[in-house]
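K.L.:
Here the protein sequences come in this chain order: A and B. Under the numbering used here, the first residue of the first sequence carries the number 46, and numbering increases by one thereafter. Under the numbering used here, the first residue of the second sequence carries the number 25, and numbering increases by one thereafter. For each residue, glycine too, the CB sits at the ideal point set by N, CA and C. Values in this document were obtained by computation on a predicted structure and should not be read as measured data. Questions regarding the structure given below will be posed in turn.
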Amino acid sequence: MKLSDKELEVVEILEKDARISADDVAKMIGLSLQETEELIKKLEKEKVLVHYTTVVDWSKIDGHEGVTAMIDVKVTPKRGVGFDEVAERIYRFKEVKSVYLMSGAYDLSVIIEGKSMNEVARFVSNKLSTLDSVLSTTTHFILKKYKHDGTIFEPLADDDKRIVVSP
Amino acid sequence: MKQTKSYLAKTVEDLKPSGIRKFFDLAAGMEGVISLGVGEPDFVTSWSAREAAILSLEQGYTSYTANAGLLELRNEVSSYMKKRFHVDYNPKSEIIITVGASQALDIALRAILDPGDEVIVIEPSFVSYAPLVSLAGGKPVAVQATEEYDFKIQTHQLEKAITDRTKAIMLCSPNNPTGTMLGQKELTELAAFIEKHDLLVLSDEIYAELAYDEPYVSFAAIEGMRQRTLLINGFSKGFAMTGWRLGFVCANEELTAAMLKIHQYAMMCAPTMAQYAALEALKGGREDVEDMKKSYRRRRNYFVQSLNEIGLSCHIPGGAFYAFPSIVSTGLSSEQFAEQLLIEEKVAVVPGNVFGSSGEGHIRCSYASSMEHLQEAMKRIKRFVEK
């Protein structure tokens with residue numbers, strides 16, 4: 046699907062800040078408020094704008110630190126459906142945050158979030174490894190998130206260093 | 025020591041302190057100020073350029089470079105200018121890497137001026153032009169660009185200022201402080217005027233990367249003007265590298281050789297690590313520059329429309345990152361407006377009169393500030409105007 050220049054601009058602006066008002070977006074792209082609202086509705090309807098969410102630094106919240114693991118999964122693809130069927134079986138679990146088909150040494154990259162290492166381990170041994178098509182799994186736990194989806198969690202001195210007035 | 029006379033040079037004593045200084049002093053002591061008074065990008069230099077400078081230090085590139093700058097950098101500048109602005113300069117004999125566009129302006133003026141030579145400065149203008157002309161021994165002659173022509177200078181306005189001592193015109197497009205950009209048509213008219221009066225042009229093109237609506241046209245790309253142009257550009261604005269102090273000047277061989285004489289005695293060369301950073305900035309692809317430009321354009325659209333909505337009429341600036349709205353409707357002078365806005369609402373702007381007499385009745389607002397800051401500043405300006 047091909048987007049117009051204005052549509053593309055709206056997508057870029059909202060991707061950076063989903064909470065910006067439609068009025069401000071309208072001014073930024075030089076359309077009327079009504080035109081802008083219609084344009085956003087259209088993009089929502091077509092699922093270009095899938096949904097709006099918030100990046101949370103859970104590690105800051107006591108008792109909710111959680112554990113994230115990236116699991117390399119080797120599978121046997123099935124005739125006719127390839128990797129899609131097993132991918133679907135995996136992504137339906139609510140613990141699974143992302144599933145990607147990869148080139149290289151393994152087939153699927155699965156990202157799991159759980160409350161504890163135990164919980165993740167249980168998921169891998171009980172649910173994931175027992176699937177028929179799964180040949181092997183390698184689990185990597187994430188120790189610290191520095192940057193996530195383009196957001197740096199603890200930016201170093203992000204303040205404005207410019208002098209207040211300059212020519 | 026008995027002092028019977030001033031030891032200071034007359035030229036320096038006669039220089040007026042910049043009107044911007046006063047606002048800096050006022051704003052610097054206040055808490056919670058949102059500054060729209062900043063004449064530089066709000067972006068930090070790209071990490072790849074910063075990383076290249078760090079690497080150059082680690083590898084020990086800490087000595088002088090050639091006077092004119094690293095040949096590798098001049099080669100890159102040459103192909104950049106060709107690709108982006110369709111002007112062709114020989115990296116070996118027609119390009120000098122300078123300490124910011126400011127030093128480029130300085131050596132350009134010193135290379136061409138004899139005592140008493142006149143240089144036309146189109147106001148509202150960057151605050152350094154007239155003082156730099158004076159310091160080079162010349163006489164700055166102010167000509168006012170006016171709001172009725174969207175601050176685009178007209179040749180009939182220039183005509184009156186021409187004398188037999190007029191040597192050059194200083195041009196800045198997109199302009200600081202008005203944001204006005206001259207297009208092909210206006211530049212062609214200007215070129216005919218330059219030709220007719222046999223003048224040189226110091227074309228300050230430091231904001232060339234920040235042209236939002238139309239492709240940028242370099243004055244040197246206008247037919248016949250390459251020989252008459254000292255083209256000044258740099259990395260400060262387009263590449264967000266103000267603190268590195270790195271610019272360059274392009275001109276024909278004769279002018280370049282003259283400027284290089286001054287540069288080699290007065291400066292030796294531009295800082296080496298900054299040159300390595302700039303090299304990476306040019307080689308590293310245009311994504312960073314294009315992203316910044318996109319972001320400025322959106323903020324410009326937002327800010328200028330919001331100004332017009334609250335009754336501060338403002339033409340759409342074609343480039344740079346300044347809006348130059350009229351504040352005449354408030355009944356205040358530029359200075360009164362800027363001072364009261366700062367004290368009452370803690371928003372710093374620069375009064376238009378510091379850029380020349382035709383800037384009176386206007387303020388310069390830099391929109392190189394985050395959207396959150398611009399939104400909050402707009403709220404405060406609205407409250408101030410409605411009082």
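Please report the straight-line C-alpha distance between LYS107 of chain B and LYS142 of chain A, rounded to a whole angstrom.
P.N.:
Here residue 107 of chain B refers to the residue found at position 83 when the second sequence is read from its first residue. Here residue 142 of chain A refers to the residue found at position 97 when the first sequence is read from its first residue. Going by the C-alpha atoms only, they are around 45 Å apart.
K.L.:
State the CB to CB distance for the pair PRO212 of chain A and ILE44 of chain B, rounded to an integer number of angstroms; the pair is presumed to be in contact (CB under 8 Å).
P.N.:
Residue mapping note: residue 212 of chain A aligns to position 167 of the first sequence, counting from 1. Residue mapping note: residue 44 of chain B aligns to position 20 of the second sequence, counting from 1. That belief holds up - the Cβ atoms of PRO212 of chain A and ILE44 of chain B are roughly 5 Å apart, short of 8 Å.
K.L.:
Just mark VAL180 of chain B as buried or exposed, buried being the case when its beta carbon has 16 or more other beta carbons within 10 Å.
P.N.:
Mapped onto the second sequence, residue 180 of chain B falls at position 156. A small correction: the amino acid at residue 180 of chain B is His; Val does not occupy that position in the sequence shown. By the 10 Å Cβ count, HIS180 of chain B comes out exposed.
K.L.:
Got a sec: is the Cβ-Cβ distance from VAL374 of chain B to anything in chain A below 8 Å?
P.N.:
Within the second sequence, numbered from 1, the residue matching residue 374 of chain B stands at position 350. It does; some Cβ of chain A falls within 8 Å.
K.L.:
With DSSP run on the structure shown, which of helix, strand or coil describes VAL62 of chain B?
P.N.:
Within the second sequence, numbered from 1, the residue matching residue 62 of chain B stands at position 38. The answer is coil: DSSP assigns VAL62 of chain B none of H, G, I, E or B.
K.L.:
Distance, Cα to Cα, GLU54 of chain A vs LYS72 of chain A?
P.N.:
Translated into positions along the first sequence, residue 54 of chain A becomes position 9. Translated into positions along the first sequence, residue 72 of chain A becomes position 27. So the alpha carbons of these two residues sit roughly 12 Å apart.
K.L.:
Might you give, ordered along the chain, the residues of its own chain that have their beta carbon closer than 8 Å to the beta carbon of LYS403 of chain B, omitting 5 neighbours on each side?
P.N.:
Taking the second sequence and counting its residues from 1, the one referred to as residue 403 of chain B is at position 379. Cβ neighbours of LYS403 of chain B beyond the five flanking positions: none.
K.L.:
Going by DSSP in three states, GLN24 of chain B sits in which element: helix, strand or coil?
P.N.:
In the structure as shown, chain B starts at 25 and stops at 411, and residue 24 of chain B therefore has no counterpart that could be examined.
K.L.:
Looking at chain A, is there any beta carbon in it that lies within less than 8 Å of the beta carbon of ASP66 of chain B?
P.N.:
Position 42 of the second sequence, counting from 1, holds the residue named residue 66 of chain B. True, the Cβ-Cβ gap to chain A drops below 8 Å.
K.L.:
How many Å lie between ASN276 of chain B and GLY376 of chain B at the Cα?
P.N.:
Counted from its first residue, the second sequence places residue 276 of chain B at position 252. Counted from its first residue, the second sequence places residue 376 of chain B at position 352. Whole-angstrom Cα-Cα distance: 35 Å.
K.L.:
Please report the distance separating the alpha-carbon of GLY240 of chain B from that of MET194 of chain B.
P.N.:
Looking up residue 240 of chain B in the second sequence gives position 216. Looking up residue 194 of chain B in the second sequence gives position 170. The residue you asked about is not Gly; residue 240 of chain B is Tyr in the sequence shown. In a straight line, the C-alpha of TYR240 of chain B is about 18 Å away from that of MET194 of chain B.
K.L.:
Since GLY124 of chain B contacts GLY335 of chain B with CB under 8 Å, what's their CB separation in whole angstroms?
P.N.:
Locating residue 124 of chain B in the second sequence gives position 100, where the first residue counts as 1. Locating residue 335 of chain B in the second sequence gives position 311, where the first residue counts as 1. About 38 Å; that fails the 8 Å criterion.
K.L.:
I want to know whether the segment 172 to 179 of chain B touches the segment 200 to 212 of chain B - three or more CB-CB distances under 8 Å.
P.N.:
Verdict: yes, contact present.
K.L.:
Do the CB positions of ALA392 of chain B and ASP66 of chain B come within less than 8 Å of each other?
P.N.:
In the second sequence, the residue the question calls residue 392 of chain B occupies position 368. In the second sequence, the residue the question calls residue 66 of chain B occupies position 42. Result yes, Cβ atoms of ALA392 of chain B and ASP66 of chain B sit closer than 8 Å.
K.L.:
What ranges does the alpha helix (DSSP H) occupy inside the segment 323 to 374 of chain B, keeping only unbroken runs of at least 4 residues that lie completely in it?
P.N.:
Fully enclosed alpha helix (DSSP H) runs of 4 or longer: 358 to 369.
K.L.:
So, are the CB atoms of CYS293 of chain B and ALA90 of chain B less than 8 Å apart?
P.N.:
Counting from 1 along the second sequence, the entry for residue 293 of chain B is found at position 269. Counting from 1 along the second sequence, the entry for residue 90 of chain B is found at position 66. In this structure, ALA90 of chain B lies closer than 8 Å to CYS293 of chain B by Cβ.
K.L.:
Indicate, with yes or no, if the ligand COA has a heavy atom lying under 7 Å from the CB of SER103 of chain B.
P.N.:
Inclusion of the ligand COA in the displayed structure is not the case, the ligand content being empty and no account of it being possible.
K.L.:
Under a three-way DSSP split, which group does THR186 of chain A fall into?
P.N.:
Numbered from 1 along the first sequence, position 141 holds the residue referred to as residue 186 of chain A. Here the sequence assigns Phe to residue 186 of chain A, which means Thr is not the residue at that position. PHE186 of chain A: strand per DSSP, three-state reduction.
K.L.:
Quick one: residues in its chain with C-beta nearer than 6 Å to the C-beta of GLY161 of chain B, no 5 flanking neighbours on either side, listed in chain order?
P.N.:
Taking the first residue of the second sequence as position 1, residue 161 of chain B is located at position 137. So the list reads LEU137 and PRO139, once near-sequence residues are dropped.
K.L.:
Check each candidate in B:PHE327, B:GLU314 and B:ARG250 and name the one with the smallest Cα separation from LYS406 of chain B.
P.N.:
As a first step, residue 406 of chain B must be located in the second sequence, where it is residue number 382. With distances taken between Cα atoms, LYS406 of chain B lies closest to B:PHE327.
K.L.:
In the DSSP assignment, what residue or residues form a beta bridge with VAL378 of chain B?
P.N.:
Locating residue 378 of chain B in the second sequence gives position 354, where the first residue counts as 1. According to DSSP, which records beta bridges pairwise, VAL378 of chain B is partnered with nothing at all.
K.L.:
Quick one: list the residues of chain B neighbouring ARG134 of chain A, beta-carbon separation under 9 Å, in chain order.
P.N.:
On the first sequence, residue 134 of chain A is found 89 positions in, with the first residue counted as 1. In chain order: nothing, as chain B lies at least about 39 Å away.
K.L.:
Helix, strand or coil: which one does DSSP assign to TYR31 of chain B?
P.N.:
Position 7 of the second sequence, counted from the first residue, corresponds to residue 31 of chain B. Here TYR31 of chain B sits in coil by DSSP.
K.L.:
Is ASP141 of chain B helix, strand or coil by DSSP?
P.N.:
Taking the first residue of the second sequence as 1, we reach residue 141 of chain B at position 117. ASP141 of chain B: coil per DSSP, three-state reduction.
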